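Protein chains: 2
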Amino acid sequence: MTVDRTQVLRSAAALLSRKSTATMDEVARAAGIGRATLHRHFAGREALVRALEEMGIQELEAAIDAAALDEGQADDAVRRLVAEVEPLGPLLSFLVGENQLFEGDQQNEGWARLDARVSRLFRRGQEQGVFRIDLTPAWLTEAFYGLVGAGAWAVQDGRLAAKEFQYMIVELLLGGARRSVEK
Amino acid sequence: MTVDRTQVLRSAAALLSRKSTATMDEVARAAGIGRATLHRHFAGREALVRALEEMGIQELEAAIDAAALDEGQADDAVRRLVAEVEPLGPLLSFLVGENQLFEGDQQNEGWARLDARVSRLFRRGQEQGVFRIDLTPAWLTEAFYGLVGAGAWAVQDGRLAAKEFQYMIVELLLGGARRSVEK
DNA sequence: CCCAAGTGAGACACAAATGTCTCACCTGAT
DNA sequence: ATCAGGTGAGACATTTGTGTCTCACTTGGG
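See below:
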């Protein structure tokens, strides 16, 4: 009976990531609830987006925690991170796309902290000699988000099997397309 | 005096890729023209987006032609493709993000053709033994778009120098982050 | 069985964006 | 200098989305 707030947010993210101009009514329909009910839980579109950001930050934070980025080989940590991040795919692909000038200091701070943690992982990998040093940690972080977003979309549109998500992303991110041998 | 249609479309793409809910008025301001003038050139928001898609398809087609994907080593062709595609970054990052259910058969067909050409390049690379065969051409194509989008975005926000765009994308796409040695 | 909480559907007023029009202005060509 | 084409600014009606409210219905607990 009672609406599952999290489930509403997830379906909203899935819809908005593909059609960011979707109406509140469309968001409600996509969640299988009425517009009035959607409004009871989120004061307006802005509040909805805020809630999505908040949830995204929290869940990504949790995923990063679970991945234990500071432990073991950096590449193994990346594998764990991608695995943990998979369920957040649609949400993250929406949030990265919705960069709209972060005026909110609060959210901005949250993202900065997450970026720093991911970035630190790549830097650690470089210091360990596991990752190349000609690709900056900042860029690897961007690329990580980009690939996760691309993967989430591809899964959503049926162009990629969900169970391949992790493998495809990790392998491309770590090893690249080239078959090779040596560099 | 006369408005440069292409320049308007480019600035619109740059704005809309970051704030997809931007008003027609905001789009006009971003292009440095009046709302009425914007309206004289594009009947409405839908027409504007259509025009963006059309331009994106045409320019990507041209970029693919210029890159001569069928010639030489597949990895060199990828390098050429990324180089040609660089100026289209913001436009492409908008278009991939605005996946909104392609009802238009016309546009859909255009994208399918482009996807096929890029995909064919990756398949050729696999057949040449240059690319890994465990990453599907379809996924490599998705990843290509994703990385170009991420790169365009990072450049736009000043997190990546424009002159590094090509190198960072190509190197990650082809070689991956791992420092490596052998696989 | 009854009640309370939560919900969907719809009505409604309000706010915002859109599409159209007019008019004064500027600019480049004649 | 004049003129025609194109433009920016603003006014305006229309459309669209938003936010609020009511009411009947369903569901789960007492």
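Just so you know, the sequences run in chain order A and B. Heads up: the first sequence is residues 1 to 183, going by the working numbering. Heads up: the second sequence is residues 184 to 366, going by the working numbering. Every residue gets a Cβ at the ideal spot worked out from N, C-alpha and C, and that includes glycine. From a predicted model like this one, the values you see are computed outputs, not experimental measurements.
Exercise for the section: Helix, strand or coil for B:F225, going by three-state DSSP, please let me know. Expected result: If you number the second sequence from 1, residue 225 of chain B lands on position 42. Coil.
Exercise for the section: Check distances from the C-beta atoms of the region 19-49 of chain A to those of chain B and list, in chain order, the residues that come in under 7 Å. Expected result: Within the region 19-49 of chain A, the residues whose Cβ lies closer than 7 Å to any Cβ of chain B are, in chain order, K19, S20, T21.
Handout entry: Pairwise C-alpha distance: A:V96 and A:I133
Key = If you number the first sequence from 1, residue 133 of chain A lands on position 133. If you number the first sequence from 1, residue 96 of chain A lands on position 96. Roughly 25 Å separates the two Cα atoms.
Practice task
Would you mind working out which of A:M24, A:R124, A:A47 sits nearest A:A36, comparing C-alpha positions?
Solution key: Taking the first residue of the first sequence as position 1, residue 36 of chain A is located at position 36. Cα-wise, what sits closest to A:A36 is A:M24.
Problem - Minimum Cβ-Cβ distance from A:R5 to chain B less than 8 Å - result: By one-based count along the first sequence, residue 5 of chain A stands at place 5. No, because no Cβ of chain B sits closer than 8 Å to the Cβ of A:R5.
Handout entry: Residue-level contact to chain A via CB, B:G358, 8 Å cutoff
Key = Here residue 358 of chain B is taken as the residue at index 175 of the second sequence, counted from 1. At least one chain A Cβ lies under 8 Å of B:G358.
Exercise for the section: From the DSSP output, in three-state form, read off B:R218 for me. Expected result: In the second sequence, residue 218 of chain B corresponds to position 35, counting from 1. For B:R218, the secondary structure class from DSSP, reduced to helix, strand or coil, is helix.
Practice task
Count the CB pairs spanning the region 78-90 of chain A and the region 152-165 of chain A that are closer than 8 Å, and state whether there are at least three.
Solution key: They touch, by the three-pair rule.
Problem - Buried or exposed by the 16-neighbour rule on C-beta atoms within 10 Å, applied to A:Q126 - result: As a position in the first sequence, residue 126 of chain A is number 126, starting the count at 1. By the 16-neighbour rule on beta-carbons within 10 angstroms, A:Q126 is buried.
Exercise for the section: Quick one: measure Cβ to Cβ for B:N282 and A:R18, integer angstroms, because I've assumed they're closer than 8 Å. Expected result: Taking the second sequence and counting its residues from 1, one reaches residue 282 of chain B at position 99. Taking the first sequence and counting its residues from 1, one reaches residue 18 of chain A at position 18. That belief holds up - the Cβ atoms of B:N282 and A:R18 are roughly 5 Å apart, short of 8 Å.
Practice task
Consider the Cβ of B:V268: report whether some Cβ of chain A lies at a distance smaller than 8 Å.
Solution key: In the second sequence, residue 268 of chain B corresponds to position 85, counting from 1. Chain A, which has no Cβ nearer than 8 Å to the Cβ of B:V268, makes this no.
Exercise for the section: Just list the alpha helix (DSSP H) runs in the region 84-149 of chain A, keeping only unbroken ones of 4 residues or longer that don't cross its boundaries, in chain order. Expected result: Taking 4 residues as the minimum length, the alpha helix (DSSP H) runs contained wholly in the region 84-149 of chain A are 89-97, 105-128, in order along the chain.
Problem - Closer than 8 Å to chain A by CB, B:V301 - result: Here residue 301 of chain B refers to the residue found at position 118 when the second sequence is read from its first residue. With 8 Å as the cut-off, B:V301 does not count as an interface residue toward chain A.
Handout entry: Buried or exposed (CB count within 10 angstroms, at least 16 for buried), A:D75
Key = On the first sequence, position 75 is the one that residue 75 of chain A refers to. Buried, by the Cβ-count rule.
Handout entry: CB contact below 8 Å: B:D258 versus chain A
Key = What you label residue 258 of chain B is simply residue 75 of the second sequence in a count that begins at 1. For B:D258, the nearest CB of chain A lies under 8 Å from its own CB, placing it at the interface with that chain.
Problem - Residue(s) in a DSSP beta bridge with B:R193 - result: Here residue 193 of chain B refers to the residue found at position 10 of the second sequence. Within the DSSP secondary-structure output, B:R193 pairs in no beta bridge.
Practice task
Could you check the C-alpha separation between A:V8 and A:E164 for me, to the nearest Å?
Solution key: Here residue 8 of chain A corresponds to residue number 8 of the first sequence, with the count starting at 1. Here residue 164 of chain A corresponds to residue number 164 of the first sequence, with the count starting at 1. So the two alpha carbons sit approximately 26 Å from each other.
Handout entry: chain A within 8 Å of B:R362, Cβ atoms only
Key = Position 179 of the second sequence, counted from the first residue, corresponds to residue 362 of chain B. Yes, its Cβ sits closer than 8 Å to a Cβ of chain A.
Handout entry: Helix, strand or coil at A:R178 according to DSSP, with G and I counted as helix
Key = Walking along the first sequence from the start, residue 178 of chain A turns up at place 178. Note: A:R178 maps to strand in three-state DSSP.
Exercise for the section: Note down, in chain order, each residue of its chain lying with its Cβ closer than 7 Å to the Cβ of A:L174, except the 5 sequence neighbours on either side. Expected result: Numbered from 1 along the first sequence, position 174 holds the residue referred to as residue 174 of chain A. The beta carbon of A:L174 lies closer than 7 Å to those of D75, V78 in the same chain, with the five residues before and after it left out.
Practice task
State the DSSP-derived secondary structure class of A:K183, mapped to helix, strand or coil.
Solution key: Taking the first sequence and counting its residues from 1, one reaches residue 183 of chain A at position 183. Because A:K183 sits at a pLDDT of 45, beneath the cut-off of 50, its placement in the model cannot be relied upon, and the point is left open.
Exercise for the section: With 8 Å as the limit, tell me which residues of the region 326-337 of chain B have their beta carbon closer than that to any beta carbon of chain A; keep them in chain order. Expected result: Against chain A - using a Cβ distance shorter than 8 Å - the residues of the region 326-337 of chain B are A326, Y328, G329, L330, G332, A333, G334, W336, A337.
Handout entry: Rounded separation between B:P320 and A:A22 - CA only
Key = Mapped onto the second sequence, residue 320 of chain B falls at position 137. Mapped onto the first sequence, residue 22 of chain A falls at position 22. Those two C-alpha atoms are separated by around 32 Å.
Handout entry: Interface residues of chain A facing B:V265 [CB-CB closer than 9 Å]
Key = Translated into the one-based positions of the second sequence, residue 265 of chain B becomes position 82. Near B:V265 there are no residues of chain A at all, since even the closest Cβ is about 12 Å away, more than 9 Å.
Handout entry: Contact between the region 57-77 of chain A and the region 28-45 of chain A (3+ Cβ pairs under 8 Å)
Key = Under the three-pair Cβ rule at 8 Å, the region 57-77 of chain A does not count as touching the region 28-45 of chain A.
Exercise for the section: From the DSSP output, in three-state form, read off A:S20 for me. Expected result: One-based indexing of the first sequence puts residue 20 of chain A at position 20. Correct three-state label for A:S20: coil.
Exercise for the section: Tell me, to the nearest whole angstrom, how far the beta carbon of A:E171 is from that of B:L355; I am working on the premise that it is less than 8 Å. Expected result: Your numbering for residue 171 of chain A matches position 171 in the first sequence. Your numbering for residue 355 of chain B matches position 172 in the second sequence. Separation of the CB atoms of A:E171 and B:L355 is rounded to 12 Å, and the pair is thereby denied contact status at 8 Å.
Exercise for the section: Check B:G239 in the structure and name its three-state DSSP category. Expected result: Counting from 1 along the second sequence, the entry for residue 239 of chain B is found at position 56. B:G239 falls in the helix class under three-state DSSP.
Exercise for the section: Flag A:A14 as yes if its beta-carbon sits less than 8 Å from any beta-carbon of chain B, otherwise no. Expected result: Start at 1 with the first residue of the first sequence, and residue 14 of chain A comes out as number 14. Residue contact with chain B for A:A14: absent (no Cβ-Cβ distance below 8 Å to any residue of chain B).
Handout entry: Contacting residues, own chain, Cβ-Cβ under 8 Å from B:G178 (five flanking each side not counted)
Key = Lying outside 184 to 366, the shown extent of chain B, residue 178 of chain B is not represented and no answer is given.
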